[in-house]
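Here it is, written out as C-alpha cells:
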C-alpha cells in the first residue's frame with residue numbers, strides 16, 4: 309500500500325489554493341457532516357424518507373443498520389483525521405487512507421446491490437440517483453484521500 313501512496317499524484321494545495329494542513333481540517337469537518345448524514349439515515353425518520361423516495365421496503369431495516377455503522381465509522385475516522393492534521397501524525401493519516409479504501413469497497417458493493425434490486429422492483433429514478441450520488445462521493449473522497457497522502461508525504 310505504501311508504494312501506491314508514494315506514487316499518487318503530487319499536490320501542493322487543495323483546489324489549487326488551500327494549503328494541505330488546512331485542507332485536512334476542512335476534509336475532516338466535511339467528513340463529520342457526511343457521517344452525520346449517514347446517522348440521520350439510521351433514524352426512523354431518515355429511513356422512512358428513503359423508503360418514500362423509492363428504497364425497496366425489504367432493504368429498509370438492513371440498510372438502516374448499515375447507515376448507522378457507516379455513520380459511526382465515518383465520523384470516527386474523520387475525528388482521527390482532524391487529530392492527524394493538528395498533531396501532524398503520519399500514522400493517523402495512514403489509518404485514514406486504509407479506512408477509506410475499505411469504506412469505498414463496502415459502499416460500492418452495498419450500492420450495487422441496493423440499486424440493482426431497486427431497479428428490478430421498478431424504482432429506476434431511485435436507483436439512478438443512488439448510483440450518481442455514490443459515484444460523486446467516491447470521486448470526491450478519492451481526491452481527499454490523495455490530499456491526505458500528499459500531506460503525509462510532507463511530514464518529517
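Numbering (this note's numbering), first residue to last: 309 to 464. All residues carry an ideal CB built from backbone N, CA and C; glycine is no exception. Model, not experiment: these values are computed from the prediction.
Contact annotation: residue 350 and residue 372 have beta-carbon atoms nearer than 7 Å.
Put simply, of 391, 330, 411 the residue whose alpha carbon is nearest the alpha carbon of residue 380 is 411. With a cutoff of 7 Å on beta-carbon distance, residue 382 and residue 430 are scored as not near each other. Annotated three-state conformation of residue 464 is coil, per DSSP. Beta-bridge pairing by DSSP links residue 441 to no other residue. An exposed status is given to residue 353, since fewer than 16 other beta-carbon atoms sit within 10 Å of its beta-carbon. Note on residue 456: 16 or more other CB atoms within 10 angstroms of its CB, so buried under the neighbour-count rule. At a Cβ-Cβ threshold of 7 Å, residue 414 and residue 403 do not count as neighbours.
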